[in-house]
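Trainee: Residue numbers (this note's numbering): 6 to 268.
Idealized CB from N, CA, C, for every residue including glycine.
1. Please state whether DSSP places residue 117 in a helix, a strand or coil.
2. Would you tell me roughly how many angstroms separate the C-alpha atoms of residue 34 and residue 249, rounded to the nearest one?
3. By Cβ distance below 6 Å, which residues in the same chain neighbour residue 124 in space, the five residues on each side in sequence not counted?
4. Who are the near neighbours of residue 253 in its chain, counting only those whose CB is closer than 8 Å to its CB and skipping five residues on each side?
5. Output needed for residue 198: all residues of its chain with C-beta closer than 7 Å, excluding positions within five of it in sequence on either side, in chain order.
6. With DSSP run on the structure shown, which of helix, strand or coil describes residue 244?
7. Alpha helix (DSSP H) containing residue 172: first to last residue?
8. With DSSP run on the structure shown, which of helix, strand or coil describes residue 40?
9. Mind checking who residue 104 pairs with in its DSSP beta bridge?
10. Excluding sequence positions up to five away, which residues of its chain have a Cβ less than 8 Å from the Cβ of residue 242?
11. With a CB to CB cut of under 6 Å and the five nearest residues on each side skipped, what residues in its chain are close to residue 142?
12. Considering just the uninterrupted stretch of the alpha helix (DSSP H) at residue 226, what are its terminal residues?
13. Return the residue from the list 41, 179 and 82 that minimises the CA-CA distance to residue 128.
14. Quick check: the Cα distance between residue 240 and residue 61, rounded to an integer number of angstroms?
15. Using only alpha-carbon positions, find the residue among 71, 221, 177 and 85 that is nearest to residue 45.
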């Protein structure tokens, strides 16, 4: 199936590494023009320069830290003032909260996570939806977690916030469907990224088990018996971003090798 995105413009959050970068690369490969959004200007410049340009695209980037929602919104509004055609695709993606039991989490950890995910997502949607409405085409895709369906042990704050994002997305999907704008969530399972490594390292420190033993236990819970790759998550995103997925709206799609134990 061809998933042409030529002439489409995509804003991709958290796109200097891991899943975010893989998404930017696959969307660019399909012809989309990419605007990267993250906090490290040097890395953004490197990634933007390395993105594919099969349709002669000119990719760019915005610098903002998701811990400062107003700065994120300001950077996008400034870009839109110079490029009023706006974006057709918004990928909401940023690093997840630190692990640990929910009851042990300080209140400010919840507040920080809420700002980085719900508030940033909301401000970005408010910024880009007018352009999507004008174009009669829009895709808002949130990269969340399989904890939306089944909370994961030891990820108390993440479970809480990811569920809130899913509810926000479903509500928005209902509101924007008549405008030709879809809102969906992609739920990565255990994927070989920096976050995977950091979670393994933390569990190793807490339990004294080796990383190999911890990963072996994790693999037993995954029917595919392997960890995912960022490119596999990006492939699901590319489909949801394409015209072919126009009738998929308000749903959450696990990309987890079958690990999630619910329908």
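Mentor: On the basis of the data shown:
1. Position 112 of the chain shown holds residue 117. Helix at residue 117.
2. Here residue 34 refers to the residue found at position 29 of the chain shown. Here residue 249 refers to the residue found at position 244 of the chain shown. Cα-Cα distance, rounded: 17 Å.
3. Here residue 124 is taken as the residue at index 119 of the chain shown, counted from 1. For residue 124, where only same-chain residues beyond five positions count, the Cβ hits under 6 Å are 74.
4. Translated into the one-based positions of the chain shown, residue 253 becomes position 248. Within the same chain, residue 253 has close Cβ partners 187, 189 and 245.
5. Position 193 of the chain shown, counted from the first residue, corresponds to residue 198. Excluding positions up to five away in sequence, the list reads 23, 24 and 235.
6. On the chain shown, position 239 is the one that residue 244 refers to. In the structure shown, residue 244 sits in a helix (DSSP, three-state: H, G or I).
7. To locate residue 172, count along the chain shown from 1; it is residue 167. Here the alpha helix (DSSP H) through residue 172 covers 161–181.
8. Position 35 of the chain shown, counted from the start, is the residue given in the question as residue 40. The answer is strand: DSSP assigns residue 40 an E or B state.
9. Start at 1 with the first residue of the chain shown, and residue 104 comes out as number 99. Looking at the DSSP assignment, residue 104 forms no beta bridge with any residue, so it has no partner.
10. Here residue 242 refers to the residue found at position 237 when the chain shown is read from its first residue. Correct list, in chain order: 28, 31, 32, 96, 146, 148 and 191.
11. Here residue 142 refers to the residue found at position 137 when the chain shown is read from its first residue. The answer, listed in chain order, is 93 and 185.
12. Start at 1 with the first residue of the chain shown, and residue 226 comes out as number 221. No alpha helix (DSSP H) contains residue 226, which DSSP labels as neither H nor E.
13. To locate residue 128, count along the chain shown from 1; it is residue 123. Considering only alpha carbons, the answer is 82.
14. Here residue 240 refers to the residue found at position 235 when the chain shown is read from its first residue. Here residue 61 refers to the residue found at position 56 when the chain shown is read from its first residue. Cα to Cα, residue 240 sits roughly 21 Å from residue 61.
15. The residue labelled residue 45 in the question sits at position 40 within the chain shown. Answer by Cα proximity: 71.
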